[in-house]
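When you line the sequence shown up against the numbering used here, it's residues 3 to 218, in that order.
Idealized CB from N, CA, C, for every residue including glycine.
Worksheet: one structure, shown below.
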Amino acid sequence: MSSIPSAVDVYIGCESDKLLEIQIELATVKKVLDKFRCDKAGGTDELSSRLLVELKEVICYPVMMIISESLRSGIVPDDWKAANITPIFKKGNRQRVDTYRPVSLTNLIGKACETVIRDAILDHLDRHQLIADSQHGFRKGGSCLSNLLQFLDVVTGSLDKNNCIDVIYLDFAKAFDKVPHERLLDKVSKHGIGGQVWLWIKEWLRDRKQRLAEVC
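Spelled out as structure tokens, the structure:
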């Protein structure tokens with residue numbers, strides 16, 4: 003029996019409003035390609051970001067068809083699952099592995115697909131109010147600064163009323179590396195995401211590969 007607890011049902015909308023599939027539009031793909039930086043490093047396919055940016059008007063339709071077919075079939079190409087890992091030195095002893103921060107460089111077409119799916123998921127979560135207002139990370143308009151400002155407002159308000167404030171700071175080491183995929187997929191489902199989208203995410207998480215690039 004699995005020791006991973008089941009996620010709580012968060013989505014309370016009707017079945018027809020669940021995010022089961024994503025209709026990919028040409029304008030959506032073009033918007034994603036428009037945001038690519040020319041100096042962004044490529045992934046394992048060594049495809050130049052500048053090439054995609056300068057040819058976006060020509061390749062926009064083929065990229066849309068590739069993303070649509072990937073979602074429809076639930077197949078994520080192996081190239082999209084492979085990453086070049088570049089360790090970036092932070093501070094401390096250069097001989098210790100934990101003094102480096104890994105930067106993952108993946109296939110750019112795959113990243114375009116991820117962006118399209120991510121935006122559709124965020125739109126679904128916002129539309130059904132499935133993200134708490136207290137969450138600032140990974141949200142449009144949210145940041146460490148907006149989080150600190152909100153926290154400061156609460157603290158100063160309490161101090162003005164002569165109330166005591168106790169603060170506990172927590173940090174989870176390598177939190178993203180330790181998330182069980184089974185638990186993650188369960189939570190995705192409990193947020194009203196299923197069908198082709200859920201199957202694509204499950205396939206995207208499976209059999210991923212990394213290779214070490216140069217140390218910076």
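Taking the Cβ atoms as the reference, Val65 lies roughly 16 Å from Trp202, outside the contact range of under 8 Å. Check the Cα spacing between Gly196 and each of Asn109, Thr88 and Ala122: the tightest is with Ala122. Less than 9 Å divides the Cβ of Ile119 from the Cβ of Ile24.
Setting aside the 5 residues that flank it on each side, Asp188 is surrounded in the same chain by Ser8 and Ala9, each with a C-beta closer than 7 Å to its C-beta; the list follows chain order. Taking the Cα positions, Tyr13 is about 13 Å away from Leu22.
Rounded to whole angstroms, the gap between the alpha carbons of Asp168 and Asp128 is 31 Å. Straight through space, the alpha carbons of Leu28 and Leu57 are spaced by roughly 15 Å.
Shortest Cα-Cα distance from Asn149 to any of Gly159, Val157, His138 and Lys142 involves His138.
When DSSP states are grouped into helix, strand and coil, Arg103 belongs to the strand group.
Pro89 and Glu205 have their C-alpha atoms spaced approximately 26 Å apart. Listed as beta-bridge partners of Gln212 by DSSP are Ala85. When secondary structure is reduced to three states using DSSP, Leu21 falls in the strand class.
With contacts defined as CB atoms closer than 9 Å, Gly45 and Asp81 qualify as a contacting pair.
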